[in-house]
């Protein structure tokens, strides 16, 4: 389950340029963080075993933010950040780029 908020805005810079900015944040809750599985072999019934997976974080926060500068109708520069943070997880990354449409 997740519950979050998103905010974004666009600002005109001059006659042809626009600046877009956005941010998203969400709280994530895992109701069943246990990742154990009990498989069995069809050819050998009665010989079940348990496989333990890495437990998921019960609560975490995910964040996404970015900016995009539109130079014209077909060119832009952008930067983004993505992250997920919790008691058992910490991941983050980002992108920076230049885009041309034709």
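Numbering (the UniProt record's numbering), first residue to last: 1 to 102.
Backbone N, C-alpha and C fix where the C-beta goes; we use that ideal spot for every residue, glycine too.
Note that this is a predicted model, so its numbers are computed, not measured.
Of the residues the options, the one placed nearest residue i, counting alpha carbons only
i          : options        : result
residue 2  : 59, 32, 42     : 59
residue 75 : 6, 29, 100     : 100
residue 85 : 13, 29, 41, 14 : 29
residue 73 : 16, 47, 9      : 16
residue 6  : 23, 19, 12, 55 : 23
residue 35 : 27, 63, 55     : 55
Alpha-carbon spacing of residue i relative to residue j, whole angstroms
i          : j           : result
residue 79 : residue 95  : 6 Å
residue 50 : residue 91  : 28 Å
residue 9  : residue 48  : 55 Å
residue 42 : residue 81  : 47 Å
residue 13 : residue 71  : 9 Å
residue 98 : residue 37  : 45 Å
residue 39 : residue 31  : 22 Å
residue 53 : residue 102 : 47 Å
Pair within 8 Å by beta-carbon distance, residue i and residue j
i          : j          : result
residue 89 : residue 65 : no
residue 4  : residue 21 : no
residue 69 : residue 61 : no
residue 19 : residue 63 : no
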